[in-house]
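Going by UniProt numbering, the sequence shown opens with residue 1, and the numbers climb by one from there. Note that CB positions come from ideal geometry on N, CA and C, so glycine has one too.
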Amino acid sequence: MKTLFQKSWFIILLSVLIAILLLISSLVYVFIDSLSTSSSLKTVLFGRPEQTDTRQQATSNDTLGTSYPVLEEEFPPYVEEVIAYEYVYEDELPDLSTLNSNVYRRINTSTLPASVSKNISQLTLAGLSLSAFDQLNIQNLNLSESDENGYNVSVDLLNNTFSVSRNPGYWQTVPSIPLSKENIPSNETLIATAETFLTDYKIDRSRFGKPSIDQTAFNTQGGWFPESITVNYPLLIQEQEVWSMWGQPSGLSVSINLHSGEVDSFFGPGPQTQEISNKELITDTKQVLAIAKRGGLWDSIPENPDKTFTSRLGTPEFILAEHYQYENDTVTSSILYVPALRFPVIETDPNTPHQRSWVIVPLVKDVLTEANPNVFPWMEVNETP
Numbered sequence: 001m002k003t004l005f006q007k008s009w010f011i012i013l014l015s016v017l018i019a020i021l022l023l024i025s026s027l028v029y030v031f032i033d034s035l036s037t038s039s040s041l042k043t044v045l046f047g048r049p050e051q052t053d054t055r056q057q058a059t060s061n062d063t064l065g066t067s068y069p070v071l072e073e074e075f076p077p078y079v080e081e082v083i084a085y086e087y088v089y090e091d092e093l094p095d096l097s098t099l100n101s102n103v104y105r106r107i108n109t110s111t112l113p114a115s116v117s118k119n120i121s122q123l124t125l126a127g128l129s130l131s132a133f134d135q136l137n138i139q140n141l142n143l144s145e146s147d148e149n150g151y152n153v154s155v156d157l158l159n160n161t162f163s164v165s166r167n168p169g170y171w172q173t174v175p176s177i178p179l180s181k182e183n184i185p186s187n188e189t190l191i192a193t194a195e196t197f198l199t200d201y202k203i204d205r206s207r208f209g210k211p212s213i214d215q216t217a218f219n220t221q222g223g224w225f226p227e228s229i230t231v232n233y234p235l236l237i238q239e240q241e242v243w244s245m246w247g248q249p250s251g252l253s254v255s256i257n258l259h260s261g262e263v264d265s266f267f268g269p270g271p272q273t274q275e276i277s278n279k280e281l282i283t284d285t286k287q288v289l290a291i292a293k294r295g296g297l298w299d300s301i302p303e304n305p306d307k308t309f310t311s312r313l314g315t316p317e318f319i320l321a322e323h324y325q326y327e328n329d330t331v332t333s334s335i336l337y338v339p340a341l342r343f344p345v346i347e348t349d350p351n352t353p354h355q356r357s358w359v360i361v362p363l364v365k366d367v368l369t370e371a372n373p374n375v376f377p378w379m380e381v382n383e384t385p
């Protein structure tokens, strides 16, 4: 009995000693692990290690390829180059006090008879009775030709625009190879293709001016050319052309694919009328030239640029510029056509990465300052069929 009792105490004592050894081993492991991850602690205990060669490669026995030293000197921080563009006009401006100060606000007219919405709202589609809903109106209409290579027609009744694009099957037939300057047709050929499209699809262009080729997508410095080129027809209001603030005609746009030589898309505004208001124009030529110098109303010249490209402007012409006037604290906007000057870019640095053909400067004081954009006393309606 005594021998059995002694054996029990021996086993208990041995178990306690083993537990203590395991606890000490665990504490030592935790200490070593924290020491290896703390550079400050290692520095205190062992001092700073000697500087090692940061260009060493992964060791030959690293068969798993898990060690890839990051070399800071081989990956310098990216510093973006600040580029400025300025446009200089050196001649005298025309007398601004003699310009027409009429401002036009676009009023959309319906492009779809009311009977169409009424008839469709009486249908039952897939078990859904449209007649159960109150006064349904069509806002968008999409139609597609049966030919996989044909056209898709979209009518946006809410914004009064319509567009044409190619069906998905068409793009499978168009090669995707880089283009060179030799692949670019002449302006006459591009305009003839656009004219044929407008004629074949009976698109009225009587409200629009002479066509021009959009050159803004060309990168002459890098030798890159777009896959499509756009022919633009500016909207005419009182015989004045309408241009966007960014320097392109605003109206009909016909895009021609350079691989196939065919029209791949089209965009145009629907029928409209305009309300007229007379607004005060700026007459300070210094203010006009300051806006022209930076490239237009929404452009700016950065401070302390690394490089500046300077272009020369030619004699300006009087046009109407398209301006979106937003209501306070809303996304609702009106489209205004405001008096403006259009400067042609007649000389530019051939190395500039950004090419433009025109600079637009609006002349309405309220538009320039945006101090009181909502006060436009509209007086009469100008009909545009």
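* Span of the beta strand (DSSP E), counted from its first residue to its last, around Y337 -> The sequence position of residue 337 within the sequence shown is 337, counting from 1. That run of the beta strand (DSSP E) goes S333 to E347.
* Complete runs of the alpha helix (DSSP H) confined to the region 136 to 173 [at least 4 residues] -> 168 to 171
* Would you kindly report the start and end of the unbroken alpha helix (DSSP H) that includes T369? => On the sequence shown, residue 369 is found 369 positions in, with the first residue counted as 1. Taken as a continuous stretch (DSSP letters only), the alpha helix (DSSP H) holding T369 covers K365 to T369.
* Neighbourhood of N160 by C-beta distance below 7 Å, restricted to the same chain and skipping five residues each side -> By one-based count along the sequence shown, residue 160 stands at place 160. Closer than 7 Å at the Cβ level, and outside the excluded window around N160, lie N108, T111, P269, G270 and Q272.
* **Whole beta strand (DSSP E) elements within the region 175 to 244, 3-residue minimum** => 228 to 234 and 240 to 244
* Do S356 and E90 have their CB atoms nearer than 9 Å? -> Within the sequence shown, the letter at position 356 stands for residue 356. Within the sequence shown, the letter at position 90 stands for residue 90. Just to set this straight, residue 356 is Arg in the shown sequence, not Ser. No; because the gap between Cβ atoms is not below 9 Å, this pair is not in contact.
* Asked: Do you know how far the Cα of V288 is from the Cα of V155?
  -> Along the sequence shown, one-based indexing puts residue 155 at 155. Along the sequence shown, one-based indexing puts residue 288 at 288. Taking the straight line from one Cα to the other gives about 39 Å.
* Could you check what DSSP says for L93 in three-state terms: helix, strand or coil? => If you number the sequence shown from 1, residue 93 lands on position 93. Looking at L93 - three-state DSSP - the assignment turns out to be coil, as it is neither helix nor strand.
* Who pairs with P249 in a beta bridge, going by DSSP? -> Walking along the sequence shown from the start, residue 249 turns up at place 249. DSSP lists W243 as partners of P249.
* Asked: Taking the alpha carbon of I138 as the point to measure from, which residue in K118, T315 and S131 has its own alpha carbon closest?
  -> For the purposes of this step, residue 138 is identified with residue 138 of the sequence shown, where counting begins at 1. Measuring from the Cα of I138, the nearest candidate turns out to be K118.
* Asked: Could you give the distance in angstroms between the alpha-carbon of W171 and the alpha-carbon of H354?
  -> As a working note, residue 171 is residue 171 in the sequence shown. As a working note, residue 354 is residue 354 in the sequence shown. When rounded, the distance between both Cα atoms is 29 Å.
* To do: Specify the secondary structure class of A19 as computed by DSSP and reduced to three states.
  => The residue labelled residue 19 in the question sits at position 19 within the sequence shown. Here A19 sits in helix by DSSP.
* Beta-carbon gap between Y233 and G261 smaller than 9 Å -> Counted from its first residue, the sequence shown places residue 233 at position 233. Counted from its first residue, the sequence shown places residue 261 at position 261. Contact: no.
* To do: Identify the continuous alpha helix (DSSP H) that holds N119 and give its terminal residues.
  => As a working mapping, residue 119 is identified with position 119 in the sequence shown. From DSSP, the alpha helix (DSSP H) with N119 extends over A114 to I120.
* Taking only the alpha-carbon atoms, compute the straight-line gap between G247 and A126 and give it to the nearest angstrom. => Taking the sequence shown and counting its residues from 1, the one referred to as residue 247 is at position 247. Taking the sequence shown and counting its residues from 1, the one referred to as residue 126 is at position 126. Looking at the two C-alpha atoms, the distance is approximately 48 Å.
* Ends of the alpha helix (DSSP H) at L289? -> On the sequence shown, position 289 is the one that residue 289 refers to. Run containing L289: T285 to K293, per the alpha helix (DSSP H) assignment.
* Asked: Counting pairs of beta carbons, one from the region 305 to 319 and one from the region 332 to 350, are three or more of them closer than 8 Å?
  -> yes
* Asked: Along the chain, where does the beta strand (DSSP E) that runs through D264 open and close?
  -> Locating residue 264 in the sequence shown gives position 264, where the first residue counts as 1. V263 to P269 is the extent of the beta strand (DSSP E) around D264.
* Asked: First and last residue of the beta strand (DSSP E) that includes V88?
  -> Position 88 of the sequence shown holds residue 88. Looking at the DSSP string, the run of the beta strand (DSSP E) that includes V88 is I83 to V88.
* Asked: Do the region 78 to 87 and the region 299 to 308 touch if we need at least three Cβ pairs shorter than 8 Å?
  -> yes
* To do: Evaluate the contact criterion for the region 184 to 198 versus the region 252 to 266: three or more CB pairs, one atom per stretch, below 8 Å.
  => yes
* Looking only at DSSP bridge pairs, what is F318 linked to? -> The residue given as residue 318 occupies position 318 in the sequence shown. F318 is bridged to L341.
* Asked: Count the other CB atoms within 10 Å of the CB of V359; is the residue buried (16 or more) or exposed (fewer)?
  -> Translated into positions along the sequence shown, residue 359 becomes position 359. So V359 ends up on the buried side.
* From which residue to which residue does the beta strand (DSSP E) around N102 run? -> Here residue 102 corresponds to residue number 102 of the sequence shown, with the count starting at 1. Unbroken beta strand (DSSP E) run through N102: N102 to N108.
* DSSP-derived helix/strand/coil call for L41 -> Counting from 1 along the sequence shown, the entry for residue 41 is found at position 41. Caution is warranted here: a pLDDT of 47 is assigned to L41, below 50, making its placement in the model unreliable, and no coordinate value can be reported.
* Buried/exposed call for I213, threshold 16 Cβ in 10 Å -> By 1-based counting over the sequence shown, the position of residue 213 is 213. It counts as buried.
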